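One structure below.
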Amino acid sequence: MLKAGNAQAMATITIDNRQYEVDDGQNLLSACLSLKKNLPYFCWHPALGSVGACRQCAVVLFKDADDQRGTLVMSCMTPVKDGAIYSIDAPTAQDFRAGIIENLMTNHPHDCPVCEEGGECHLQDMTLMSGHTQRRFQGRKRTHNNQYLGPFINHEMNRCITCYRCVRFYRDHAGGTDLQALGRNHQVYFGRQEDGLLDNGFSGNLVEVCPTGVFTDKTYSRHYVRKWDLQTAPSVCEHCAVGCNTAPGARRDGKGDPRQLRRVTNLFHRQINGYFLCDRGRFGYEYANSAARIYTPQAALTQPLIQTTAGSAKVHQSLSPADAVARLAVTIAQMRSGNRRVIGIGSSRSSLENNFALQTLVGREHFYAGLDERSLALLKLVDRIQRDPRVHSPGTPEIERADMVIVLGEDIADTAPRIALAVRQAARSAQIARAGELKIPAWQDDSVRQLTGIRTPLLVASAERTDLDDIASCRVRAAPEQMVALADVLAQALTAESGEIHAPDIAGLDTGEFTALVEQLKQARHPVIVSGCGLQSQELLQAAARLAFAVAGHKEANHRQTDSREARAALYLACPEANSLGLAQLCDARQNLNQLHRERQSEHTPQPTTLLVMEADLYRQLPASVADQLCAGVDEIIQLEIVHNRTSARADLILPAAATPEYEGTLVNSGGLAQRHYAVYEGSGWIQASWRWLADAAAASGELAGAELSGDEETHARLQSLARWRHVTQLSVALAESYPELAPLAELGPDWDQTIEGQKTARQPHRYSGRTAIQAERQVAEYKPLPDDDAPMAFSMEGIQFACQSPLQANNWAPGWNSNQAIHCYQPKPGAARLGHSSGQPLARKAVVFHSDSAAGDAARPTADPSDGFRILPLYRMFGSGELSNYAGAIASVTEEPFAVFHPQDLELLSLTAGQQIAITESGDRWQLLAKVSDTIPRHCIGVSTGFTQMASIPGAYIEREQIAPGDA
Amino acid sequence: MISILRSLWLVFRHLFTRRVTVEYPEEMPYLAPRYRGRIVLTRDPDGDERCVACNLCAVACPPDCISLQKMEDADGRWRPEFFRINFSRCIMCGLCEDACPTYAIQLTPDFEMCEYDRQNMVYEKEDLLINGPGKYHEYSFYRHAGKTVSGKAKGEAAGEAKPVNVKSLNL
Ligand code: SF4
Ligand code: SF4
Ligand code: SF4
Ligand code: SF4
Ligand code: FES
């Protein structure tokens, strides 16, 4: 990750009398691990570099072939040298390492059996590897008191071995400030100044970075099982559009508890998440276990008495899956015979296959994205921009190496957190480049960091303060129009041959700063531009695109990049949901909920109509009044859903849909990468993937009498193909045939019957325990493992167990390496892409040159006149803005209440006070918000928390002054 | 021919050796305390459940016939929420006892476990837990562990020093 340069020189080294060819420029520890040598280490981390703190990685370096004694060196601090001779097994080295670990263990508590790290503990592994098996130290153990670090992370300080990895990750890599190394001598304490929630959004990585059990996952501990008891499969995080790869772990409960998902850990993907996930992605999994989870089909009771007392929300009763399918089949049969219209509403958080099945069922013309007009238009725009051959979406390593980053309006720390972490690394790229000139390798972490005062130029233009402000070389707080103006002037400055370029009129951006920006952008060879849908401004996206095109033009003209790929500008556009871009491929901009609403309002057909809503909450997209009208205008609502929401409350029939780790499907991330996620576990109750419900009902509808007699041919053909699908990969292939953009889906992964040498991939580790006892309370005879119809994987421990052999293996384990550090056994060298890993194919979108809809000047509308109204700026939070993660208990417990942020003068203007409850009303909706004050928000703008459960949709872009009033406290 | 005669002679000789079989069940053979029979879960000297739900027995078990779920009590102790042994699968190998870091799981000299219905061979924690420490009278895991449980704060376990005050100079 920290390596610079592509062409790798090789070095020949000798380790224990054998010669090896290794990449030059790396350190010896990394080289030894690439050679799959068992060399213990603690403080080194492939993404954090070396500091030589723990002394565990000692080896012997010999001067030449005649040298018999050699010198002890720390392998992590020693660059490999061509022709050098080393020994890992030399007795001096072995004794030294054994001594170090014995020292580290003198204070270690007798905790392994009651430690959540046990069984996947790097310290356990290293202790065994160094041969320290008997305690000799008789003195007293130093102890520490623990701290309360919030609902995510448990703290058990006695287990610390002072490797400093936690603070190096938390402070140096993730930019956190509230975790420190305190105290001194052998009493160093890693914690906060006082008890409290760790406030960095990547704190969850401490669980994986700490080689011991000091930091462990508190949510996992509540339903803890050992790592060897977790079944797992490759998955993709569903909590934002970055598409981080995850390895969720699940285990059936022995008492029939339906909550099987136990935790989520990182699954290394070099181009996306590398070694780290954000906290929403790591702790958001609890939604699948939440009390709002739907496990059985439910039908609304039809007694009018109950209906009237319950208002528009209906009272539901469970029914058997067969009955539920039969009910849906009746609706479909009516549709077949032309007596009913079925409108399908797709989902941007569900897989392409699910959406395609729905589209196949209802027909393309009756398929609508479960998004409002604004959101879908933004996605379509992102899609069009990304098709332009002048830009490409950078992966994480490219962002980390960028020599300039411009963030335009998107609060990536909250909407695409992993990308923000990458941008944070980019802030150091100049430092690393300078170190390179001084012949200091990038992995010499401490030495590189000594080069203070060298920062990569980083422009952060945002509506409010962001988590990247501390590393920004230039901060601009502005309304979207001003950001558009700024981007356009920058673009102009790049393209203009000469002539005066005037800084745009933005408070806080002076001419000097602006000129510096222009200069930096001209110099930059690998600038990255980041923007997104967050501010819901098409103008802003277009301006970002125009700037990127200017950068591409500039690159071509000035840096003479011969490779046309190199000349493309890196433009990252963040989308809101895990499959936003995928859904955008399936429909055109017209197929949105507002359009549907308008159509329903204008036409008055007597034909009965069904709204078939799949994994979408209408009330989250539309103002309640509009959603109400939409629901009231149809005579049946059927919903496929994971968790209860406001739409399911109104549904006549609810079918339990599988959550992301419970089924196989394809998601397209913000970068246009289609990635497949696999079923980790079977799902409890009657949960199944949405497409299976639809296929079942389509099949059942064909058997209903009369269905075939009338209706049009095309509908029958569609439904027949839907009814015939048995494996999700068949849907992928059909998708690939129907949409040229999605052609790569056909090659995305192994089909369900593509075994490797006759073997499936095992989901359970080879030491999975309790196989013959876990179900025995109900039935002593063992159950046959369920078959998997979608992937060549087994819900058992039979089959391939090693991640090198099968791309489907997500269990991060190798002999002697029980902790997550085992990942290096599956990489050609630490930090490199996994061996045999085939996750993700870019969409095959045809290159089309993008033409801005509006000229530069037109986009900038004047800001609202304070006398009559306020602009609404949507603000996001890592905890609070995620639809599904809001159902996760730990996340919900730290989510702030919905808020509105005002400039102090505006607050005064409206005669409100900070801390007061206020109400904003718009088109029948009323939002109760906490008034907050901030002098960083532009004037005449209100920053409104977006995506919070309590307020679902957000007010429109413009609010009259009278609509803001003190609310009920 | 010679070998047949030899065999006959050997069998004949056995008529006069001492019998090792006994008339079970009228006569009960002596079984050493370390005999590997029916498994119990024991308690520590203070009468608390010893098992800390570490899962080591479960993973050591060759036929995978132990299953349990960890939970944490209000007093900070780890305990099994349920603990199940499917004796119809158990081979009485004793590996679980070997693996147990707390002496909680112990094999006993009772081997008389016959059932008509295999389902009855499934023992839950309530069936396994006995009221004493079994073969090991003294050991109490939490007196040694660093983890805080009610009644034992940091620094109070065996061989522990008082907790460090991070804010002092710690010279
Ligand atoms: S808390 Fe963990 S990561 Fe931090 S120094 Fe201690 S052992 Fe290392
Ligand atoms: S950055 Fe997005 S995709 Fe990655 S872990 Fe966080 S929420 Fe999930
Ligand atoms: S005695 Fe052996 S087979 Fe029986 S429960 Fe223990 S480990 Fe398993
Ligand atoms: S090994 Fe001992 S302490 Fe651990 S779960 Fe089994 S019986 Fe309990
Ligand atoms: S890993 Fe080399 S000194 Fe810590």
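Taken in sequence, the protein lines are chains A and B.
Following our numbering from start to finish, the first sequence increments by one per residue and tops out at 969.
Following our numbering from start to finish, the second sequence increments by one per residue and tops out at 1140.
Glycine included, each C-beta is placed from N, C-alpha and C at the ideal position.
Predicted model, so just to flag it, every value in this text is computed and none were measured.
Tell me the DSSP bridge mates of residue i?
i           : result
Arg-475(A)  : Val-460(A)
Arg-1012(B) : Glu-1018(B)
Ala-58(A)   : Met-74(A)
Arg-598(A)  : Answer is none; Arg-598(A) lacks a bridge partner.
Pro-842(A)  : Leu-673(A)
Cys-941(A)  : Arg-871(A)
Ser-531(A)  : Leu-573(A)
Ser-87(A)   : Val-60(A)
Val-933(A)  : Phe-902(A)
Gln-444(A)  : Ser-50(A)
Met-793(A)  : Thr-761(A)
Tell me the residue span of the alpha helix (DSSP H) that contains residue i.
i           : result
Phe-981(B)  : 971-983
Val-551(A)  : 538-554
His-727(A)  : Counting along the chain, His-727(A) falls outside any alpha helix (DSSP H), and DSSP gives it neither H nor E.
Asn-355(A)  : 352-362
Phe-1056(B) : Counting along the chain, Phe-1056(B) falls outside any alpha helix (DSSP H), and DSSP gives it neither H nor E.
Gly-889(A)  : 889-894
Ser-1036(B) : Note, Ser-1036(B): premise wrong, no alpha helix (DSSP H); beta strand (DSSP E) at 1035-1041.
Lys-1131(B) : First-last for Lys-1131(B): 1129-1132, but that is the beta strand (DSSP E), not the alpha helix (DSSP H).
Pro-480(A)  : 480-495
Would you kindly report the start and end of the unbroken beta strand (DSSP E) that includes residue i?
i          : result
Lys-227(A) : Taken as a continuous stretch (DSSP letters only), Lys-227(A) belongs to no beta strand (DSSP E), as it is neither H nor E.
Leu-910(A) : Leu-910(A) -> no beta strand (DSSP E), and no H or E assigned at all.
Met-10(A)  : 10-15
His-155(A) : 153-155
Ala-773(A) : Careful: Ala-773(A) lies outside any beta strand (DSSP E) and carries neither H nor E.
Lys-141(A) : 141-143
Thr-921(A) : 917-922
Verify the contact flag: residue i, CB atom, against every heavy atom of ligand 1, threshold strictly below 7 Å.
i          : result
Ile-153(A) : no
Cys-112(A) : no
Arg-55(A)  : no
Ile-100(A) : no
Cys-76(A)  : no
Phe-215(A) : yes
Phe-190(A) : yes
Measuring from the CB of residue i, is there a heavy atom of ligand 5 at a distance below 7 Å?
i          : result
Leu-29(A)  : yes
Phe-268(A) : no
Does the beta-carbon of residue i, which I'm using as the reference point, lie nearer than 7 Å to any heavy atom of ligand 3?
i           : result
Met-1061(B) : yes
Ala-746(A)  : no
Leu-1000(B) : no
Leu-1064(B) : yes
For a test of your reading of the model: does the CB of residue i fall under 7 Å from any non-hydrogen atom of ligand 4? Yes or no.
i           : result
Pro-1031(B) : no
_Inside the stretch 660-725 of chain A only - beta strand (DSSP E) runs reaching at least 3 residues_ = 665-668 and 673-677
_Entirely enclosed alpha helix (DSSP H) segments - the stretch 371-433 of chain A, minimum 4 residues_ = 373-386, 396-401, 412-415 and 417-426
*Meets three-Cβ-pair contact criterion under 8 Å: the stretch 545-552 of chain A and the stretch 332-352 of chain A*: no
_Any beta strand (DSSP E) of 3 or more consecutive residues that is wholly inside the stretch 591-654 of chain A_ = 609-614 and 636-641
_Below 8 Å, how does it come out for the stretch 514-531 of chain A and the stretch 399-417 of chain A: are there three or more Cβ pairs, yes or no?_
yes
*Would you call the stretch 310-328 of chain A and the stretch 900-916 of chain A in contact, with 3 or more CB pairs under 8 Å?*
no
*Do the stretch 219-229 of chain A and the stretch 258-272 of chain A meet, that is, are 3 or more Cβ pairs less than 8 Å apart?*
yes
*Tell me, please, whether the stretch 1023-1035 of chain B touches the stretch 766-785 of chain A by the rule of three or more beta-carbon pairs shorter than 8 Å.*
yes
*Spell out a yes or no on whether the stretch 595-607 of chain A and the stretch 624-634 of chain A are touching, meaning 3 or more CB-CB pairs, one atom from each, closer than 8 Å.*
yes
*Kindly confirm or deny that the stretch 1119-1136 of chain B and the stretch 1049-1057 of chain B touch, where touching means at least three C-beta pairs closer than 8 Å.*
no
*If we count Cβ pairs, one from each stretch, closer than 8 Å, do we get three or more for the stretch 269-276 of chain A versus the stretch 697-706 of chain A?*
no
*Between the stretch 173-192 of chain A and the stretch 238-249 of chain A, are three or more C-beta pairs nearer than 8 Å?*
no
*Touch check for the stretch 208-221 of chain A and the stretch 153-161 of chain A: three-plus C-beta pairs under 8 Å?*
yes
_Does the stretch 350-357 of chain A come into contact with the stretch 656-673 of chain A, if we say contact requires no fewer than three beta-carbon pairs (one atom in each stretch) closer than 8 Å?_
yes
*Examine the Cβ distances between the stretch 99-115 of chain A and the stretch 78-90 of chain A and report whether three or more of them are shorter than 8 Å.*
no
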